[in-house]
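This report concerns only the one structure given below.
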Amino acid sequence: MNKTVQHERLEQAQRVLEIEADAILALRARLDGAFLAAIDAILACAGRLVVTGIGKSGHIGRKIAATLASTGTPAFFVHPAEAAHGDLGMITDGDVVLALSNSGESDEVIALLPALKRKDITLIAMTGRTDSTLAREADIHLDAAVEMEACPLGLAPTSSTTAALALGDALAVTLLEARSFREEDFALSHPGGSLGRRLLVHVRDLMHAGDTLPVVQSGTTLKDALLEMTRKGLGMTAVVDASANLVGIFTDGDLRRTLDKTLDLSGLAIDDVMFRQPRTISAERLASEAVKLMETHKVNGLLVVDEAGHLVGALNMHDLLQARIV
Numbered sequence: 219m220n221k222t223v224q225h226e227r228l229e230q231a232q233r234v235l236e237i238e239a240d241a242i243l244a245l246r247a248r249l250d251g252a253f254l255a256a257i258d259a260i261l262a263c264a265g266r267l268v269v270t271g272i273g274k275s276g277h278i279g280r281k282i283a284a285t286l287a288s289t290g291t292p293a294f295f296v297h298p299a300e301a302a303h304g305d306l307g308m309i310t311d312g313d314v315v316l317a318l319s320n321s322g323e324s325d326e327v328i329a330l331l332p333a334l335k336r337k338d339i340t341l342i343a344m345t346g347r348t349d350s351t352l353a354r355e356a357d358i359h360l361d362a363a364v365e366m367e368a369c370p371l372g373l374a375p376t377s378s379t380t381a382a383l384a385l386g387d388a389l390a391v392t393l394l395e396a397r398s399f400r401e402e403d404f405a406l407s408h409p410g411g412s413l414g415r416r417l418l419v420h421v422r423d424l425m426h427a428g429d430t431l432p433v434v435q436s437g438t439t440l441k442d443a444l445l446e447m448t449r450k451g452l453g454m455t456a457v458v459d460a461s462a463n464l465v466g467i468f469t470d471g472d473l474r475r476t477l478d479k480t481l482d483l484s485g486l487a488i489d490d491v492m493f494r495q496p497r498t499i500s501a502e503r504l505a506s507e508a509v510k511l512m513e514t515h516k517v518n519g520l521l522v523v524d525e526a527g528h529l530v531g532a533l534n535m536h537d538l539l540q541a542r543i544v
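For the sequence shown, my numbering begins at 219 and goes up steadily by one.
Set out below in structure tokens:
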């Protein structure tokens, strides 16, 4: 491929992006009371937000419904053709319907209007024509008109679908803010995703406790402490006093540093070689916070203590990796 052709293709691609970007920016100037009315109607909705549309508008509608549902607005998509053959029963009094059609004249959507009018619902239309049937029959009309499609033939929906998608995102994010939707709320809708793991998994869910917790009493010989580390397999052991208060930690790294000083470990007690200011965390803290603490202090393990400073668990980087927190 010669450089002239390459240049022309890049210019065409850049032109597409410019046209679609201009279409989105033009929407900004047209946001008005109708947009605010749509937000108020959805916030006041006692039921669900039902999104419908056909063809490319249907694909955009599905994405808008998914975004709304994951950001605090109960929403789902209903295909208009399926609605005409029974799925209309999914729409109940008190719902809000968001109907997408660039022309505002899509037969499958228009065919639903008489049935929708008989229900106690609010109809929001998102179209590219303010004088269309759908726009006129809707309770609220959102103007998603574009000056031109990015398709050079003016046929394939490009700018119009991009504009509708962006307007749907504007609805979702404005509703999110209005509902004071938080990261924790988002995580509840995405328990299987990385965000869900970071915001829903706590230290208590991963820590080693009870018989799996490596711990020795102050005064224990280094030899016995090493046996405890080997049995529990965390690469460390906690050291506590007679009241179960945490007084230190001994790790694989501490062992290497000890061996650098002497090869004779027979006369050493754990108190002689332990680190007396171990990094600790509460069991109620998020596992993601444990990751940050380990990275900040460049350690591979943390000891878990309660409010009184008593040892209750231990956690290492392998646990976090296995839980896919990292």
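Ideal placement from N, C-alpha and C gives every residue a C-beta, glycine not left out.
Please state whether DSSP places Ser288 in a helix, a strand or coil. helix
Terminal residues of the alpha helix (DSSP H) in which Met535 lies: Met535 to Gln540
Can you grab the Cα-Cα spacing for the pair Glu355 / His297, in whole Å? 19 Å
Any beta carbon from chain B within less than 8 Å of Ala231's own beta carbon? Reference to chain B is not applicable here, since this structure consists of a single protein chain.
Determine the burial state of Ser412: buried for a count of at least 16 other Cβ atoms within 10 Å of its Cβ, exposed for fewer. A caution first: Ser412 carries a pLDDT of 49, below 50, which makes its placement in the model too unreliable to give a value.
Cutting at 7 Å between CB atoms, please list the residues of its own chain near Glu525, excluding the five before and the five after it. none
According to DSSP, which residues form a beta bridge with Leu261? In DSSP, Leu261 forms no bridge with anything.
What residues match up with Val434 in a beta bridge as DSSP calls it? Val457
Taking three-plus beta-carbon pairs below 8 Å as touching, is the segment 377-386 in contact with the segment 226-246? yes
Could you check whether the segment 489-507 touches the segment 458-474, counting it as contact only if at least three pairs of C-beta atoms, one from each stretch, sit closer than 8 Å? yes
Does DSSP classify Gly411 as helix, strand or coil? Note that Gly411 scores a pLDDT of 49, beneath 50, so its modelled location is shaky and nothing firm can be said.
Would you decide whether Ala333 is buried or exposed? Buried here means 16 or more other CB atoms lie within 10 Å of its CB. exposed
Can you name the start and end residues of the beta strand (DSSP E) that Ala317 belongs to? Val314 to Ser319
Are the Cβ atoms of Ile342 and Ala256 separated by less than 8 Å? yes
Beta-carbon contacts of Asp338 that lie in its chain and below 7 Å, excluding the five residues immediately before and after: Asp311 and Gly312
Pull up the distance between the alpha-carbon of Glu532 and that of Ala443, whole angstroms please. Reading the sequence as shown, one finds Ala at residue 532 and not Glu. Between Ala532 and Ala443, the C-alpha separation is close to 16 Å.
Which runs of the beta strand (DSSP E) fall wholly inside the segment 317-402 and span at least 3 residues, in chain order? 340-345 and 358-361
Just confirm the distance between the C-beta atoms of Leu393 and Ile260, as a whole number of angstroms; I'd bet it's less than 8 Å. So it is a contact: roughly 6 Å between Cβ atoms.
Could you check if Glu367 is buried or exposed, using at least 16 other CB atoms within 10 Å of its CB as the buried criterion? buried
Contact check, Gly279 vs Phe295, beta carbons under 8 Å: yes
With a CB to CB cut of under 8 Å and the five nearest residues on each side skipped, what residues in its chain are close to Ala501? His420, Val421, Arg422, Met425, Val522, Asp524, Val530 and Gly531
Is it right to say Arg449 is buried, meaning 16 or more other beta carbons lie within 10 angstroms of its own, or is it exposed? When all chains shown are included, Arg449 counts as exposed.
DSSP beta-bridge partners of Val522: Ile499 and Gly531
Please determine, among Ser461, Gly322 and Asp357, the residue with the shortest C-alpha to C-alpha distance to Lys335. Asp357
Assuming contact is defined by CB atoms lying nearer than 8 Å, are Val364 and Ala381 in contact in what I supplied? Contact: yes.
Selection from Lys479, Leu249, Ser484 and Asp472 that minimises the alpha carbon distance to Gly519: Here the closest residue by C-alpha is Asp472.
Please name the residue, chosen from Leu318, Leu254 and Leu306, that lies closest to Ala283 on a Cα-to-Cα basis. Taking only the C-alpha atoms, the option nearest Ala283 is Leu318.
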